[in-house]
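Order-wise, the sequence lines are chains A and B.
The C-terminal residue of the first sequence carries number 502 in this note's numbering, and the numbering is unbroken.
The C-terminal residue of the second sequence carries number 892 in this note's numbering, and the numbering is unbroken.
To keep things clear, I will list the structure first and then write my remarks on it.
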Amino acid sequence: MLRGSPVFLSVLLFLGAAGCTTRPSNARASLNRDVASRTSLAVGWPQSAADEDALAANVAHLLARPLTPDSAAAIALLENRSLRATFEEVGISEAELAAASRLPNPAFRASIRWPDAGPRTPNVEFGLGMDMLEAFLLPVRKHFAGEQLAATEQRVSQEALLLAAKTKTAAYTLIARQQWLTRTRAILDVNRAAADLAQRQYDAGNISRLDLLRQQATVQQANLDVQQVTTAVAQDRERLNRLMGLSDDQLGWTMIEDFPVATAADPPIDQLEHAALTQRLDLSAAQLRVKLTASALELKRKTRLLPASVDLGIDTERQPDGTAGPTQVTGPNISLALPVFDQGQPEIARLTAQYHRAQDEYEALATNIRSEVREGEAALLSARAVAASYDKVILPQRRAIVQETLLQYNAMQRSNYELLDARREALEAERGRIDAWRDYWIARTNLERALGGRLDASAPAGIPAADAAH
Amino acid sequence: MPTALTRRNFLALASGTALAIPAARLLADELLPPVTSDGSTRPFAPPNGSPYRPVITPNGATLPWKMVDGTKVFHLVAEPVTHEFAKGLVAECWGYNGRVHGPTIEAVEGDQVRIYVTNRLKTPTTVHWHGVIVPSGMDGVGGLSQKAIQPGETFKYEFTLHQHGTFMYHSHHDEMTQMQLGMIGMFLIHPSGPARSAPDRDYAIMLSEWKIEVGARRPDPNEMTDFNVFTMNGRSFPGTQPLVAKKGERVRVRLGNLSSMSHHAIHLHGHDFKVIATDGGEIPESAQWTETTVIVPTGCTRTIEFTANEGDWVMHCHMLHHVMTQMGHTFGNMIGVNTQGLNETIGQLVPGYMAMGQNGMAEMGPMGMPVPPNSLPMVGGVGPYDYITMGGMFTILKVRESLPADGSDPGWYQPPAGTLASPASESDLRRDGIAVAAKEAQLEARGQKVELCAPSESLASAGEPVTARVRVG
Numbered sequence: 033m034l035r036g037s038p039v040f041l042s043v044l045l046f047l048g049a050a051g052c053t054t055r056p057s058n059a060r061a062s063l064n065r066d067v068a069s070r071t072s073l074a075v076g077w078p079q080s081a082a083d084e085d086a087l088a089a090n091v092a093h094l095l096a097r098p099l100t101p102d103s104a105a106a107i108a109l110l111e112n113r114s115l116r117a118t119f120e121e122v123g124i125s126e127a128e129l130a131a132a133s134r135l136p137n138p139a140f141r142a143s144i145r146w147p148d149a150g151p152r153t154p155n156v157e158f159g160l161g162m163d164m165l166e167a168f169l170l171p172v173r174k175h176f177a178g179e180q181l182a183a184t185e186q187r188v189s190q191e192a193l194l195l196a197a198k199t200k201t202a203a204y205t206l207i208a209r210q211q212w213l214t215r216t217r218a219i220l221d222v223n224r225a226a227a228d229l230a231q232r233q234y235d236a237g238n239i240s241r242l243d244l245l246r247q248q249a250t251v252q253q254a255n256l257d258v259q260q261v262t263t264a265v266a267q268d269r270e271r272l273n274r275l276m277g278l279s280d281d282q283l284g285w286t287m288i289e290d291f292p293v294a295t296a297a298d299p300p301i302d303q304l305e306h307a308a309l310t311q312r313l314d315l316s317a318a319q320l321r322v323k324l325t326a327s328a329l330e331l332k333r334k335t336r337l338l339p340a341s342v343d344l345g346i347d348t349e350r351q352p353d354g355t356a357g358p359t360q361v362t363g364p365n366i367s368l369a370l371p372v373f374d375q376g377q378p379e380i381a382r383l384t385a386q387y388h389r390a391q392d393e394y395e396a397l398a399t400n401i402r403s404e405v406r407e408g409e410a411a412l413l414s415a416r417a418v419a420a421s422y423d424k425v426i427l428p429q430r431r432a433i434v435q436e437t438l439l440q441y442n443a444m445q446r447s448n449y450e451l452l453d454a455r456r457e458a459l460e461a462e463r464g465r466i467d468a469w470r471d472y473w474i475a476r477t478n479l480e481r482a483l484g485g486r487l488d489a490s491a492p493a494g495i496p497a498a499d500a501a502h
Numbered sequence: 420m421p422t423a424l425t426r427r428n429f430l431a432l433a434s435g436t437a438l439a440i441p442a443a444r445l446l447a448d449e450l451l452p453p454v455t456s457d458g459s460t461r462p463f464a465p466p467n468g469s470p471y472r473p474v475i476t477p478n479g480a481t482l483p484w485k486m487v488d489g490t491k492v493f494h495l496v497a498e499p500v501t502h503e504f505a506k507g508l509v510a511e512c513w514g515y516n517g518r519v520h521g522p523t524i525e526a527v528e529g530d531q532v533r534i535y536v537t538n539r540l541k542t543p544t545t546v547h548w549h550g551v552i553v554p555s556g557m558d559g560v561g562g563l564s565q566k567a568i569q570p571g572e573t574f575k576y577e578f579t580l581h582q583h584g585t586f587m588y589h590s591h592h593d594e595m596t597q598m599q600l601g602m603i604g605m606f607l608i609h610p611s612g613p614a615r616s617a618p619d620r621d622y623a624i625m626l627s628e629w630k631i632e633v634g635a636r637r638p639d640p641n642e643m644t645d646f647n648v649f650t651m652n653g654r655s656f657p658g659t660q661p662l663v664a665k666k667g668e669r670v671r672v673r674l675g676n677l678s679s680m681s682h683h684a685i686h687l688h689g690h691d692f693k694v695i696a697t698d699g700g701e702i703p704e705s706a707q708w709t710e711t712t713v714i715v716p717t718g719c720t721r722t723i724e725f726t727a728n729e730g731d732w733v734m735h736c737h738m739l740h741h742v743m744t745q746m747g748h749t750f751g752n753m754i755g756v757n758t759q760g761l762n763e764t765i766g767q768l769v770p771g772y773m774a775m776g777q778n779g780m781a782e783m784g785p786m787g788m789p790v791p792p793n794s795l796p797m798v799g800g801v802g803p804y805d806y807i808t809m810g811g812m813f814t815i816l817k818v819r820e821s822l823p824a825d826g827s828d829p830g831w832y833q834p835p836a837g838t839l840a841s842p843a844s845e846s847d848l849r850r851d852g853i854a855v856a857a858k859e860a861q862l863e864a865r866g867q868k869v870e871l872c873a874p875s876e877s878l879a880s881a882g883e884p885v886t887a888r889v890r891v892g
């Protein structure tokens, strides 16, 4: 029997202290580790002014050199504010864990009443109560909240990986667009040369005005093409700026001009489905949810007759009695709901449904991931074949056609215009080649996203052309 | 050039004429005399002397024969032949006895001839004797006169010659393909008895046209309009062997034309000639007309005669596209175009580019630009003074006071002093009052006399552009 407030208060403090736990840094470390192990990139989630300075210096250092797809992804993970907003969900889950780790606060009750007759001594009542079931189930709730935090952290890491993949894709698109611009400008030069020749022929009286106008029209068309590609370059840059979260004085970056040099062959891809199933963060998050819902269901099954809460309390009351004088009555009280009408079946049904749903979602995700991996493999192989055929067959053919057309021109069998046509067709084939390599690198990025990790764990995705010489 | 029969070639031929050759063996290969330094084979001189002066087929040969019981026996073998049109252009053609065109058949009016034709092609063929009056079944039209000669078969044509003149022979089965691949030849029949007036030199030239894509090595027999290789006896200048004659000699040239689509206007420089016969026969003297250019329609022969004047004389088709080998028609007109800077701008886009054609096509030949292999686009020949900018259906008649006895090429003509066109000297120009500068030439053209003297003050003050030494009267 509790007597006296000081004892009571100290018990409360003890219980409070026992229930107090804080583990804020584990989830952030997991986040960093999960992302870094899959992409070799660090996430930017500064917690202090020193962190922010270090991050800003890092970003400035990356921006100082021409960007590569990898460095652009690095900047995105450090600077993208939408991603940081997503990170805060981890903070929210952490708070929920902290809440689940603490005992519920006891409730204090006090009332004072005056009798309407007799002596005017008020009736004072104090009471203190706490939901003991909550206290009893605290470890269980803490466990659940911890698992929930892990699931959130994995889901957020997955968001980071997706952002990295999107950024790399945008970077490859920009590289391809820049190269398209040089080829499109070269095609404009070819058309200008043809129009210039036509002008000279027209000035000498050798061709009709119609033939001259037709040649000049091709120049205008090529001009429009150059403008279109120039605009597309600007759009690609802004897309990258949004993904990288850059603004103000950070906008002057340049992107490397060449695609990375592809490794001689793509690494063997037989174990990829298995690798994806172990690496994919969203899949492990879904798996956690299955575990969680299963545990919740299990728990409820075991405790289904338990009421929702068991309030244990103690209260004391001074009653102004007439004959023997005022008395202090003190004693514990208990309040609980009796499982008469609701014996937990609806809750079990709900938890069962949730469990099954989590299971189905997990299986659906696993099936889809495996299919994505297979699709990604096929796309990568075919993109590689197309790009290789451009390099090995199509471009050499086009160069040979230009050479042979020059010989036929020297024999006066083909005109200047046919010679320039051959050059233009060679440039158009070069544009096809650029697209082919862009598609290869984007397919590779997609496959790595589907895998949830790098394609070749032992080597970086590609050596930037500038470094390949070393 | 060969006269009737020198002792040397008689001996060479006599040993080869081995009468012991069984009839089944081919006569053709063994009896063809070797090529001489003048680029032609000597004509086949008949054994036991000859009642006629054998005709020379420049760049060609005469089909040998042997007498068997009073019948002249020939053997033609129709087969694929790799043929050189001129140095640098070789193509896969079809011909006879290893040659394109087939060897000239030469006989005498009244001869009984027996011609065996072996078909070594992969397709049936026949031979038609163009202009020769033969029995209908010997006429050689595949399907009508006879069943076509199947691959591997040998047919026998036999008939008596009742006429003399210049005729031809050619395939008459799938003619478009087979003739356009080269299966044609000359068939000459000399008059029996004393010749009307035998010439001192007698030449046979077969004209033809081909389409050979630049960089290809087979003629396209389906071409109908855009021929680009033109030949005399299957050769294009500078691959044509020159005709030679001594000054004052009577020269006869028999022209046959089996081009699939074109007539040819054969023009001879330095002479006028009479057209003395067609493939229908002799033209009576009173009806013979004088020409410097004779049009030889396709499917016809025209025989001309003239007295040779000394010099180097060109004989060529006057249809100007026919004196260009593999000329292109899609180059575009670049005459007079200002090409300054083009080599740089287009050269950046296509390395090795050079602007061409501003002043015509004459520069093509000697320029030596890289061209597709096995082609002679618009190439001509080297002459004594400069590049000769023509090709195709073009040859040279060389007439000299005397010719080398061994039949070798007499070299280039040396014109006597005063007969060579050369740059006019200053003294000549001045003496004759010839104005050379453009403005002066204009004045002269208007009929105004132009004198070379000191400038006139009045001209200068009138604001007229003046040269230092012109007075206009």
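Backbone N, C-alpha and C define an ideal beta-carbon position, used for all residues, glycine too.
| Query | Result |
| --- | --- |
| Could you pull the start and end residues of the alpha helix (DSSP H) that A/Tyr-204 belongs to? | 170-235 |
| Below 6 Å, is the gap between the Cβ of B/Pro-842 and the nearest heavy atom of the ligand GDP? | Absence of the ligand GDP is noted for the structure shown, with no ligands found whatsoever. |
| Spatial neighbours of B/Leu-446 within its chain, please: C-beta separation below 7 Å, excluding the five flanking residues on both sides. | Confidence at B/Leu-446 is low in this model, with a pLDDT of 36, below 50, so the placement of that residue is unreliable and no value is reported for it. |
| With 16 other CB atoms within 10 Å as the buried threshold, where does A/Arg-486 fall? | buried |
| Note the first and the last residue of the continuous beta strand (DSSP E) segment covering B/Val-648. | 648-651 |
| Would you report the Cα separation of A/Gln-180 and A/Glu-120, rounded to the nearest angstrom? | 14 Å |
| Could you give the distance in angstroms between the alpha-carbon of B/Glu-511 and the alpha-carbon of B/His-740? | 23 Å |
| Using a Cβ-Cβ cut-off of 7 Å, state whether B/Phe-656 counts as contacting chain A. | no |
| Flag B/Trp-771 as yes if its beta-carbon sits less than 7 Å from any beta-carbon of chain A, otherwise no. | Correcting the residue type first, residue 771 of chain B is Gly in the shown sequence and not Trp. For B/Gly-771, the answer is yes, since a Cβ of chain A falls inside 7 Å of its Cβ. |
| In terms of residue numbering, what span does the alpha helix (DSSP H) encompassing A/His-93 cover? | 81-96 |
| Would you call the CB atoms of A/Arg-430 and A/Gly-277 closer than 7 Å? | no |
| For my contact list, B/Gly-667 and B/Thr-726 are in at a C-beta cut-off of 8 Å; report their separation, rounded to the angstrom. | 6 Å |
| Using a Cβ-Cβ distance cut-off of 7 Å, determine whether A/Gln-233 contacts chain B. | yes |
| According to the neighbour-count rule (16 or more other Cβ atoms, all chains shown, within 10 Å of its Cβ), is B/Ile-534 buried or exposed? | buried |
| Since B/Gly-550 and B/Glu-701 are thought to touch, with beta carbons under 8 Å apart, how far apart are those beta carbons, to the nearest angstrom? | Not quite, the Cβ-Cβ distance comes to about 13 Å (not below 8 Å), so this is no contact. |
| Would you say A/Ala-225 lies against chain B (beta-carbon separation less than 7 Å)? | yes |
| How many Å lie between A/Leu-94 and A/Leu-115 at the Cα? | 19 Å |
| Identify whether B/Phe-493 lies in helix, strand or coil by the three-state DSSP scheme. | strand |
| Assign B/Ala-443 to buried or exposed, taking buried as 16 or more other Cβ atoms, counted over all protein chains shown, within 10 Å of its Cβ. | Confidence is the limiting factor: at B/Ala-443 the pLDDT is only 33, short of 50, which leaves the residue's position unreliable, though a coordinate-based value still follows. Its Cβ having fewer than 16 others within 10 Å, B/Ala-443 is exposed. |
| Where do the ends of the alpha helix (DSSP H) carrying A/Arg-402 lie? | 377-421 |
| Cβ closer than 7 Å: which chain B residues qualify as neighbours of A/Val-425? | Under the 7 Å cutoff, chain B gives no residues; its nearest Cβ is about 21 Å from A/Val-425. |
| What is the DSSP secondary structure of B/Gly-479, counted as helix, strand or coil? | coil |
| Determine the direct distance from the alpha carbon of A/Ala-142 to that of A/Ala-21, and round the result to whole angstroms. | No statement about residue 21 of chain A is possible, as the shown extent of chain A runs from 33 to 502 and does not include it. |
| Quick check on the DSSP output: the alpha helix (DSSP H) that includes A/Leu-73 runs from which residue to which? | Neither: A/Leu-73 is in no alpha helix (DSSP H) and is coded neither H nor E. |
| Let me know if A/Ile-466 comes out buried or exposed under the rule of 16 or more other beta-carbons within 10 Å of its beta-carbon. | buried |
| Indicate whether B/Cys-736 and B/His-683 have their beta-carbon atoms separated by less than 7 Å. | yes |
| Which residues in chain B have a C-beta closer than 7 Å to the C-beta of A/Ser-447? List them in chain order. | Thr-749, Phe-750, Gly-751 |
| Taking the alpha helix (DSSP H) that B/Asn-762 falls in, what are its first and last residues? | 761-768 |
| Within this structure, are the beta carbons of B/Ile-608 and B/Ala-526 separated by less than 7 Å? | yes |
| Please work out which residues of its chain come closer than 7 Å, Cβ to Cβ, to B/Asn-652, disregarding the five sequence neighbours upstream and downstream, and give them in chain order. | Thr-476, Pro-477, Asn-478, Gly-479, His-520, Ile-624, Met-625 |
| Verify the CB distance criterion: does B/Val-487 have a CB-CB separation below 7 Å to chain A? | no |
| Could you tell me whether any Cβ in chain B is nearer than 7 Å to the Cβ of A/Asn-255? | no |
| Under the three-state reduction of DSSP, which class applies to A/Leu-483: helix, strand or coil? | helix |
| What do you get for B/Gln-569, buried or exposed, if any count of 16 or more other CB atoms within 10 angstroms of its CB means buried? | exposed |
| Give the DSSP-derived three-state secondary structure of A/Trp-146 in the structure shown. | coil |
| Take B/Gly-507 and list the residues in its own chain whose beta-carbon comes closer than 8 Å to its own, dropping the five residues that flank it on each side. | Asn-793, Ser-794, Leu-795, Val-798 |
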